[in-house]
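For the sequence shown, my numbering gives the first residue as 5, with consecutive numbering after it.
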Amino acid sequence: GLSSHHSIHGNNNNHVTIKHVQMYDFEVAGVALNGANDVDMKHLQIGPSLKQTFGAPLSHAFFLDHMANTLMEGNSATALVKRLLPVQVRKKWRSAQRLFGILRKDLRRYAEHGTGPIRDLVGDGKALPDGSAIYGIVLHRSGVAINRLGFCSDDSTIAEKRVSGVNLQDINITGLSIHVDQASRLFVHNKLVMGPAGDVFQPVRSWAGSCYRYVGNSLTDAQIAFGQVCAALAQTLPAEELAFYCGGANMPRTVRDWASGRWSCGSSIYWARSMSRGTDWLKLRCDTDAASHHNKGPIGLRLGFQEGVAVRDVLVDDVENLGTPN
Numbered sequence: 005g006l007s008s009h010h011s012i013h014g015n016n017n018n019h020v021t022i023k024h025v026q027m028y029d030f031e032v033a034g035v036a037l038n039g040a041n042d043v044d045m046k047h048l049q050i051g052p053s054l055k056q057t058f059g060a061p062l063s064h065a066f067f068l069d070h071m072a073n074t075l076m077e078g079n080s081a082t083a084l085v086k087r088l089l090p091v092q093v094r095k096k097w098r099s100a101q102r103l104f105g106i107l108r109k110d111l112r113r114y115a116e117h118g119t120g121p122i123r124d125l126v127g128d129g130k131a132l133p134d135g136s137a138i139y140g141i142v143l144h145r146s147g148v149a150i151n152r153l154g155f156c157s158d159d160s161t162i163a164e165k166r167v168s169g170v171n172l173q174d175i176n177i178t179g180l181s182i183h184v185d186q187a188s189r190l191f192v193h194n195k196l197v198m199g200p201a202g203d204v205f206q207p208v209r210s211w212a213g214s215c216y217r218y219v220g221n222s223l224t225d226a227q228i229a230f231g232q233v234c235a236a237l238a239q240t241l242p243a244e245e246l247a248f249y250c251g252g253a254n255m256p257r258t259v260r261d262w263a264s265g266r267w268s269c270g271s272s273i274y275w276a277r278s279m280s281r282g283t284d285w286l287k288l289r290c291d292t293d294a295a296s297h298h299n300k301g302p303i304g305l306r307l308g309f310q311e312g313v314a315v316r317d318v319l320v321d322d323v324e325n326l327g328t329p330n
């Protein structure tokens, strides 16, 4: 199989047999099975992984564009709010709809010509994946495997849950490469600042100069506008409808005020240094990628929460993390 994420991916599968398969050009894993029991894998060639792709902000921009410029257009209430709501960024007022339109224009320019501001965000499609991890094989219990590695005590509600019956034989895992990127996530009152689809808002990459002024780009401008639209919609839309249109968007007033450009140099410096040091209500966390997946790097074979495992003649070779310090 061949896909941008996995060659083979399954959830809660039983009696899985994979034999005589070659997998390559995957971005996350050759084989990823969550909650699979009785797994038999033999005679596999896994790798090399995908070597050329785009940066994570591209998917964030596409999701936000779709939600703001397509889904919200289908509802008269949301369409009206985004047209009438003024948003201030860099001391300039525009409607939320105008900022969403700029994002769509930039995306189209990039899709058609490979140029413009989006290229500065996501590259030319020739870079290594910048996600949190890449695996040859990852076998995990039910649920996602995006959290920290299970090296410490597990206090979740399924702490004792295991999967069993794994046989791995004659498997070569080679040529896994990744450029792990650390996203500096901002938490305000212990809630993550982000757009509607888990797209982390990164202030450290949005400021410039000794005053830490907001510079941003069409994606972060749209994230700010989207958050402000959702704050307005929260006053009128039912909770279920709000969740449909706004997802997990959270753009607190303090972030919007900073991005507006109204603050003095001293205020911006104090705000930036406070988040860097960490306070009771404002802090940065630097342990995940741009989608809040905990960074783990390249792993040839990951077996988590398994019992009854037999491994024979499995080779892991040429595995590299080319990430650089931020």
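All C-beta atoms, glycine included, are put in the ideal place defined by N, C-alpha and C.
Following the DSSP letters along the chain, one finds GLY14 inside the beta strand (DSSP E) bounded by residues 10-15.
Shown here, MET255 sits in coil according to DSSP, grouped into three states, outside any helix or strand.
For HIS47, the three-state secondary structure derived from DSSP is strand. DSSP places TRP275 in the helix class (H, G or I) of the three-state scheme. Cα atoms of ASN15 and PRO200: separation of roughly 25 angstroms, rounded to the nearest angstrom. ARG145 sits in coil when the DSSP states are folded into three classes, being neither helix nor strand. Here DSSP, grouped into helix, strand and coil, assigns VAL184 to coil. ALA131 is bridged by DSSP to THR57.
Taking the Cβ atoms as the reference, ALA131 lies roughly 7 angstroms from THR57, within the contact range of under 8 angstroms. Inclusion of GLN310 and LEU180 in the CB contact set at 7 angstroms is not warranted, their separation being larger than that value. Secondary structure within the segment 180-245: the beta strand (DSSP E) runs of 3 or more consecutive residues, fully enclosed, are 187-192 (chain order). THR292 sits in a strand when the DSSP states are folded into three classes. Counting along the chain, GLY282 sits inside no beta strand (DSSP E), nor does DSSP assign it H or E at all. Under the 10 Å beta carbon count, CYS250 is surrounded by 16 or more other beta carbons and is classified as buried. DSSP places VAL91 within a strand segment (E or B) once states are collapsed to three. CA-CA distance, LEU103 to SER168, rounds to 51 angstroms. Beta bridge pairing from DSSP links TYR139 with ALA33 and ILE303. In this structure, VAL208 sits away from SER222, with a CB-CB distance that is not shorter than 7 angstroms. In the structure shown, LEU326 falls within a coil segment according to DSSP collapsed to helix, strand and coil. Within the model, the alpha-carbon separation for PRO61 versus GLY120 is close to 14 angstroms. For the pair ALA212 and VAL219, the CB atoms are nearer than the 7 angstroms cut-off. Between the alpha carbons of ASP321 and SER53 lies a gap of roughly 12 angstroms. Separation of HIS193 and LEU286 (C-alpha to C-alpha, rounded to the nearest whole angstrom) is 6 angstroms. In its chain, beyond the 5 residues on either side, GLY199 and PHE205 have a beta carbon closer than 6 angstroms to the beta carbon of GLN227. Rounded to the nearest whole angstrom, the C-alpha separation of SER268 and ARG94 is 12 angstroms. Burial is judged here by how many other beta carbons sit within 10 angstroms of a residue's own beta carbon; TYR274 has fewer than 16 and is exposed.
Burial of PRO302 is indicated by the presence of at least 16 other C-beta atoms within 10 angstroms of its C-beta.
Note that the segment 103-119 does not touch the segment 258-266; fewer than 3 beta-carbon pairs, one per stretch, sit closer than 8 angstroms. By the neighbour-count definition (other C-beta atoms within 10 Å, threshold 16), HIS9 is an exposed residue. Around the C-beta of GLN186, 16 or more other C-beta atoms lie within 10 Å, and the residue is accordingly described as buried.
Here ALA72 is not near LEU89, since their CB atoms are 7 angstroms or more apart.
With fewer than 16 other CB atoms across the displayed protein chains lying within 10 angstroms of its CB, ALA243 is exposed. Under the three-state reduction of DSSP, HIS19 is assigned to strand.
For TYR216, same chain residues with a beta-carbon under 7 angstroms away, outside a window of 5 residues either side, are SER272, ILE273 and ALA276 in chain order. Just so you know, the alpha carbons of LEU68 and ARG316 end up roughly 46 angstroms apart.
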